[in-house]
Each structure stands twice: as structure tokens, then as C-alpha cells.
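Residue numbers 8 to 169, in our numbering, belong to the letters of the sequence shown in order.
Okay, so here's the structure we're looking at.
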Amino acid sequence: MGVVPTVDPAPRERRGSGSIVLVAALAVMLVMGLATWLVAAPRANAPEPASLNGTGAPAAVPAPVQRVSHAVTYELSGATGALNITYVAQGSEIAQVADAATPWSISIDHVSTAGSAQYFLLSAQNAGGGTLRCRIVVDGKVVSEASAAAPQGVVRCSKSMS
């Protein structure tokens, strides 16, 4: 009796191994996407993040500063002219004119923060005899008037407004 040698059967082709890798990769991507969504999704019970103002709510953004504009006209009138004219220009800047013939005037657009106090001033020295008059007009309304009749006298108009 003889021994029958065993013969290995022909190797089988592995079919479907590429499909298994593809399915496994898709499963990993699905799990990672689901985990990311769960971590990043807002939670209904989650506390609000803390803020610098000590409350749970984020700090409020300050409202923009509102600006107010006034049309201001400074006027001098008289027979002999004016010396050392001083007035409040833009903001709180002081402007001066050494001398001017009368009538003299200047108009400015005075811009300021809403609700802040505003101060308007015009003063001048009488250049000679006669009466020197001053007047301040804000937004079309006379807010201050004065006069000085003495030679070399000083006339002053002023108004403080909110």
C-alpha cells in the first residue's frame, strides 16, 4: 500500500478584501464625524461662557458715540471797528483776530458729543467811540447779545448750553 501524497489545492483568490478596507475606512470617518458633531453642537443645558464683566452674559458692546452739530455765528457791529476779538471755535479751541472792521462775523459748524455741555463766547474791545455790539446765533436763534459804549470798552457775549 502506498501512501498517496497530498496535493495542496490551488490557492484561492481573496475576493472582497478591498471592499472590507473601504467599509472600515467609511466606518471610521462616520464615527469621527459623529464625535465632532456631538462635541461641537450647542447644548441646551450648557452654562453660558463667563465674561469680563462678571456675569454669564457676554459684555455688551458700547453704543457708538452720537455727535451733534450746531451752526454758530459770531457777530460784531459798530461804527469804529473791533480789536482783540476772541471766540470759541471748534470744540473748545480759542480763536483770536487782532483787529477787524465792523460789521464782522464768522460762522462755524460746532460738532460735539450728544448731551455734553457747550460753551460759546465772543469778546472784543471797542476800537474807538460809539457802541460796539456782539451777538451769538446758534442754529438760527440769538442766544446772547451785549454792547459796550465806552471807548476801548470790552463787549462780551457768552452762552452755555447742554
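The beta-carbon is built from N, C-alpha and C at its ideal position, and this holds for glycine as well.
| Check | Outcome |
| --- | --- |
| Is the stretch 123-141 touching the stretch 81-100 in the sense that three or more CB pairs, one from each, lie closer than 8 Å? | yes |
| Going by DSSP, name the residue or residues bridged to glutamine 103. | Thr93 |
| If you draw a straight line from the C-alpha of alanine 2 to the C-alpha of cysteine 164, how long is it? | The chain is shown only over 8 to 169; residue 2 falls outside these bounds and no answer can be derived. |
| What does the Cβ neighbour count give for threonine 109, buried or exposed, with the cut at 16 atoms within 10 Å? | buried |
| Alanine 155 by DSSP, collapsed to three states: which one? | strand |
| Tell me which residues share the same chain as histidine 77 and place their Cβ nearer than 6 Å to its Cβ, disregarding the 5 neighbours each side in the sequence. | His117, Val145, Asp146 |
| How long is the line joining the alpha carbons of serine 112 and serine 169, rounded to whole angstroms? | 24 Å |
| Return yes when the Cβ of valine 150 is within less than 7 Å of the Cβ of alanine 131, no when it is not. | no |
| So, at 8 Å on beta carbons, what are the nonlocal neighbours of glutamine 125 in its own chain, with the 5 sequence-adjacent residues on each side left out? | His77, His117, Ser119, Ser167, Met168, Ser169 |
| Taking the DSSP output, what are the residues bridged to methionine 168? | Gln125 |
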